[in-house]
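Numbering (the working numbering), first residue to last: 419 to 938. Beta carbons: idealized from backbone N, C-alpha and C, even for Gly. Just so it is clear, the structure is predicted and the values come from calculations on it, not from any experiment. All remarks here apply to the structure that follows.
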Ligand SMILES: Cc1cc2nc3c(=O)[nH]c(=O)nc-3n(C[C@H](O)[C@H](O)[C@H](O)COP(=O)(O)O)c2cc1C
């Protein structure tokens, strides 16, 4: 497949009321790809699950600069970073089926994102490029490295196995893989905050990053599904790539799906057309003044590990005005405030909210304009019936129109009841057309930002005693139509819903790491 411009890919992977994006006609659930990548033959370092020495800061502390003293970098704290970002969060059992969940959500629970840790001089860990195994909570050393100076250093790389997602979702899967990258980046930032650590995106082009993570080593992926390197961050250090010499690679990637029934070459096409480039060039982030309203005083570890998606909501719950205010606050970029302090770009996504039940707000449509420079274009391109009444003098939140939009949102969210039974649901309007046309890599950037917004909402919902669910399935242009969006700059890239979860007791929940609980 030749490269495919992201605008063309995006257009052909829209769902609509009359047609879903091209995907498999039937799924054999028993043939789902293995959710766990391993590199057979790579030396394994088992990590501890005992974090009793770390203390238990409150969720609110994560957002207060200096509230959590920085932990030293050692095998236990690196283990905590990995466990609270990429680890398992539970096993679910329903009849004969058993599946695991992870700290970060994933479309269809397919988990296309893989994580790598590049370590140097960290007590208790060998130097090298390691792949993280969430099932075993262990690092497998893909490559030994030399050449670091004497201080401890840590980088985390993310990659995607597109096939995991494409197996179920066909052509639309590339979008979901990128959203998952954004979720994982935000999850990493929150977990680092738990340790008092900073996270910084490292500017690196896609070819160098694949070389560093070893995802370009075709000889190690002979029969296995390929991985595509997405991004690199460094921990507690300036944004520089590791200057290390790779001395020896080991491990063969396992085959995840021995009998793939379909091929979706457009995913390779769009991936090829959107490589990140050397500079990862940054816009100046637009920051918000004013303090973040405090979060409920809950254990941060509990909020991170117990985040879940709601499958159903109990209709009738009213979200409190305080919780709503805090959620909107958490989506705005503030200096030194997770997760947005990792985001070196100007905000390009603006949630358009459909409030069904929020204390003090009339049901209807609202918009949070995360970057004031986008406001004129939003005003010009959204419905001319919208009123644009400011809701709160301190926030860029506007009431657009009063309406009961529950039935419409349910329909537009691929007929999912969660979009109607919730307290609110939202679409994320991205500054798409000119931005992506100018630089195709921006297509990924927009989805990463959307995933980060989704992750903030997941955690805020959890902390508020509610629950969120990401919505990747929605009818793109039909949604644009109900908000009167003219063709032009904006497109909705991800949806989200928050409400009072209905827990299905028929699905049992088991602890994530009982299978290795004897490890100290
Ligand atoms: C990008 C993305 C899109 C999603 N889309 C939907 C959706 O359309 N409908 C839905 O019910 N859940 C959706 N989810 C939720 C996933 O199904 C859920 O994250 C996954 O099953 C793992 O469960 P957990 O979030 O409870 O850990 C989505 C999640 C993500 C990250």
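Asked: Beta-carbon proximity check, residue 982 vs residue 544, cutoff 8 Å; Found: Because the chain here runs from 419 to 938, residue 982 falls outside it and cannot be looked at.
Asked: Where residue 977 falls: helix, strand or coil (DSSP); Found: Because the chain is modelled from 419 through 938, residue 977 falls outside the range shown and cannot be assessed.
Asked: Per-residue DSSP class, three states only, for residue 595; Found: helix
Asked: Coarse secondary structure for residue 808, derived from DSSP in three states; Found: strand
Asked: Among 431, 562 and 502, nearest to residue 467 - alpha-carbon criterion; Found: 502
Asked: Distance, residue 583 Cα to residue 451 Cα; Found: 9 Å
Asked: Ligand 1 heavy atom lying under 7 Å from the CB of residue 811; Found: no
Asked: Burial state of residue 823 (16 or more Cβ within 10 Å); Found: buried
Asked: Top-ranked residue by Cα proximity to residue 617, from 844, 626 and 602; Found: 602
Asked: Residue 768 versus 910, 639, 798 and 732, residue with shortest Cα-Cα distance; Found: 910
Asked: Residue 551 vs residue 666 beta-carbon contact at 8 Å; Found: no
Asked: Cβ-Cβ separation, residue 783 to residue 771 (assumed contact under 8 Å), whole Å; Found: 7 Å
Asked: Residue from 613, 553 and 434 with nearest C-alpha to residue 499; Found: 613
Asked: Bridge partners - residue 561, DSSP secondary structure assignment; Found: 547 and 667
Asked: Opposing strand residues paired with residue 731 [DSSP bridges]; Found: 919
Asked: Those residues which DSSP pairs with residue 768 across a bridge; Found: 847
Asked: Pairwise C-alpha distance: residue 558 and residue 546; Found: 10 Å
Asked: Opposing strand residues paired with residue 575 [DSSP bridges]; Found: 534 and 650
Asked: Complete runs of the beta strand (DSSP E) confined to the stretch 504 to 532 [at least 3 residues]; Found: 506 to 512 and 515 to 520
Asked: Cα-Cα separation between residue 791 and residue 905, rounded to whole angstroms; Found: 19 Å
Asked: Contacts around residue 570, its chain only, beta-carbon distance under 6 Å, and the 5 residues preceding and following it disregarded; Found: 491, 539 and 540
Asked: Distance between residue 566 and residue 439 (C-alpha atoms, nearest Å); Found: 48 Å
Asked: Check: residue 845 C-beta below 7 Å from any heavy atom of ligand 1; Found: no
Asked: Secondary structure of residue 469, DSSP reduced to three states; Found: coil
Asked: Residue 887 - DSSP class collapsed to helix/strand/coil; Found: strand
Asked: Option in 479, 470 and 477 with minimal Cα separation from residue 497; Found: 470
Asked: Under 8 Å between C-beta atoms of residue 608 and residue 753; Found: no
Asked: Close Cβ partners of residue 532 (< 8 Å) along its chain, the five nearest in sequence each way excluded; Found: 455, 549, 550, 576, 577, 578, 579 and 645
Asked: Whole-Å CB distance - residue 892 paired with residue 688, under 8 Å assumed; Found: Their Cβ separation, rounded to whole angstroms, is 19 Å, which puts residue 892 and residue 688 out of contact at 8 Å.
Asked: For residue 624 and residue 693, believed in contact at Cβ under 8 Å, the rounded distance; Found: 4 Å
Asked: Minimum length 4: unbroken alpha helix (DSSP H) runs contained in the stretch 667 to 717; Found: 683 to 691
Asked: Per-residue DSSP class, three states only, for residue 853; Found: helix
Asked: Expected contact under 8 Å - CB spacing of residue 766 and residue 639 to nearest Å; Found: That pair is no contact at about 33 Å.
Asked: Residues bridged to residue 909 [DSSP beta-bridge criterion]; Found: 848
Asked: Closest by C-alpha distance to residue 810, when choosing among 902, 747 and 430; Found: 747
Asked: Residue 930 vs residue 507 beta-carbon contact at 8 Å; Found: yes
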